[in-house]
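Read in order, the letters of the sequence shown are residues 21 to 405 in this note's numbering.
Beta carbons are placed, not taken as given, at the ideal position from N, Cα and C, and that holds for glycine.
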Amino acid sequence: MSAAWYGDNRAHLQQVVDARGTCAGAPGHGRRPVAAFDWDNTVTKNDVTDATLSWALRHDAILRPARWKDTSAWLTDAADTALTAACGTDVPPGAPLPTATNPRCTDEIFEIRESGRTMSGAAAFAGDWNHRRTVPQYAWVPQLFAGHTVADLSSYARRARAEALAAPVGSTRLLGTHTVPGYVRYYDQQRDLVRTLRRAGFDVYIVSAGSEPVTEVWSRAVGVDAAHTIAIRSVLDRRGRITTRTQGCGDAPASRGAVIPYIDGKRCWINQEIFGLRGAAAWHRQDARHRPVIAAGDADTDVTFVGDATGAHLVLNRNKGELMCRAYDDADGRWVVNPMFIEPLPRRQDPYPCSTTAYTAPDGTPGPVRRPDGSVLPDLADTVY
């Protein structure tokens, strides 16, 4: 493994690999132990789905929907009005929007994706959803590519990948009036860790809240194939074209984005796709034989499956509240916190609000982070940066 890790993190991870890995296979979910990684800002620096959306907006690759409200079950009237006004109705439904020459349209789309609000500040999504199973603006990205084939989207992702890898580290790009990262890099340390795990007999999976065809384009370069890449899976129509519906998980059917690999949804997809559980059981923590040995993430969307790991919970510090509360509490002594390997964040000055608001309930309300025994975590300082 690469030596460029914080403190004794490399040694800690190597101990787990040595103890639980085997070239011949080991007891686990059937054959070999499992390692699961989030993708964006865990294996790469910067978000590859955003890089693909950026490329698509600069190359007129978004098809105009008949009604913007058809793209999401939760899109508000305000967002529908803003998108219609900004993107116009000159091109027929199903034809490419001229986003490359219409910065207003690009701005509205990207602002909604980024913040869940319109450029005027109005809420872009409203209604009821389980905040530990989905977030509308994440589900909205693959929904924006409705009408395209998976091959189309994969092609856009390959072009965006080439562009992002060629751009200098630290570079930015103007997208409408938004300044966005212009580059993406694989973390050498994570590529090395994946390589080490595979050599030690682990089944390595990617579990992302991005678009699956996009993530698959990127994951191949670290030796993870499509069968081991799990992300948002769009339902296809009879012609093989992407629709605004997404596949379900556990006992949740296909829907317009109600269940994606997000927080508890990542656990469900891991239990279902890796360990073969079906129905409601897929939403629940399983016995140690049916959980990843090593799990890695960088954000609250990863907190459930990273916490399920039995050997090491690897966290890249991006100052995300619930995840960092769990990591710094280190209840089982197996949490491994590392700064981002490229452009790490400075130390957070205030303690994480673990005792009050760092947890997000299914209905979206904030609350305290609790241990399995119900006790509330104290506020915790940021110490790895």
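Environment of residue i [buried if 16+ CB atoms lie within 10 Å]
i, result
"P112", "exposed"
"P382", "exposed"
"V326", "buried"
"V242", "buried"
"H49", "Since pLDDT at H49 reaches only 46, below the 50 mark, its modelled position is unreliable, and the value read off the structure follows with that caveat. When all chains shown are included, H49 counts as buried."
"A319", "buried"
"D38", "exposed"
"S135", "exposed"
"P273", "exposed"
"T235", "buried"
"V335", "buried"
"T199", "exposed"
"V396", "exposed"
"T138", "buried"
"T121", "exposed"
C-alpha gap between residue i and residue j, whole angstroms
i, j, result
"R152", "G190", "32 Å"
"H79", "W160", "19 Å"
"V36", "Y372", "28 Å"
"A347", "R390", "13 Å"
"T42", "P53", "9 Å"
"F295", "R215", "22 Å"
"T403", "K340", "14 Å"
"A98", "R87", "13 Å"
"G45", "V224", "In this predicted model, G45 has a pLDDT of only 47, less than 50, meaning its place in the structure is not dependable enough to derive any value."
"D245", "S239", "7 Å"
"D349", "A106", "46 Å"
"P47", "R287", "Low per-residue confidence applies at P47: pLDDT is 46, beneath 50, and the placement is therefore not dependable, though the value from the model is reported in the following sentence. Their Cα atoms are separated by approximately 20 Å."
"R40", "V313", "8 Å"
"L400", "Q369", "11 Å"
"T192", "P162", "23 Å"
"D28", "T101", "53 Å"
"Y26", "A316", "15 Å"
"C269", "G260", "21 Å"
"A220", "R179", "33 Å"
"A300", "D271", "5 Å"
"D284", "T324", "6 Å"
"V357", "R367", "13 Å"
"Y282", "W303", "12 Å"
"A308", "F222", "15 Å"
"S275", "K89", "15 Å"
"D208", "A31", "17 Å"
"P398", "A171", "49 Å"
Residue from the options whose Cα sits closest to the Cα of residue i
i, options, result
"D393", "S135, T109, N339, A351", "A351"
"S375", "R367, Q369, G387, R368", "G387"
"A93", "V68, V155, T69, R40", "V155"
"Q433", "L195, I226, P201, T197", "This structure leaves residue 433 out entirely; the chain is present only between 21 and 405."
"L117", "T169, G221, V396, A76", "A76"
"L195", "V396, A247, C125, A106", "C125"
"W59", "D97, V396, T321, D90", "T321"
"A251", "T69, R178, V356", "T69"
"L164", "L213, L95, P201, N150", "L95"
"G147", "V396, G384, A102, S395", "G384"
"D127", "V204, E183, G141", "G141"
"Q306", "D328, I132, E293", "D328"
"L173", "Q157, N150, G230, L217", "G230"
"D169", "P233, A120, D212, T119", "Residue 169 is actually Thr in this sequence, not Asp. Checked all of P233, A120, D212, T119; the closest Cα to T169 is P233."
"S74", "L297, I129, G114", "I129"
"T249", "R51, R218, F57", "F57"
"G277", "E363, D257, T91", "T91"
For residue j and residue i, believed in contact at Cβ under 8 Å, the rounded distance
i, j, result
"R311", "H333", "Wrong, their Cβ atoms sit about 11 Å apart, outside the cutoff."
"L365", "Y405", "6 Å"
"R338", "N66", "That pair is no contact at about 11 Å."
"Y176", "V63", "Actually they are not in contact, since the Cβ atoms of Y176 and V63 sit about 20 Å apart, beyond 8 Å."
"P123", "T197", "7 Å"
"G202", "A187", "5 Å"
"Y379", "I280", "Not a contact, Cβ separation roughly 20 Å."
beta-carbon residue i near the ligand ADP non-hydrogen atom, thresh 6 Å
i, result
"W94", "In the structure on display, the ligand ADP does not appear, and there are no ligands present to speak of."
At what residue ranges does the region 153–200 contain a whole run of the alpha helix (DSSP H), taking only runs of 4 or more?
156–164, 170–186
Please give the ranges of any beta strand (DSSP E) in the region 269–332, keeping only runs that are unbroken, at least 3 residues long and fully inside the region.
314–317
Pick out the complete beta strand (DSSP E) segments inside the region 34–114, 3 residues or longer, and give them in chain order.
54–57
Which whole runs of the beta strand (DSSP E) in the region 202–239 are 3 residues long or more, in chain order?
223–231
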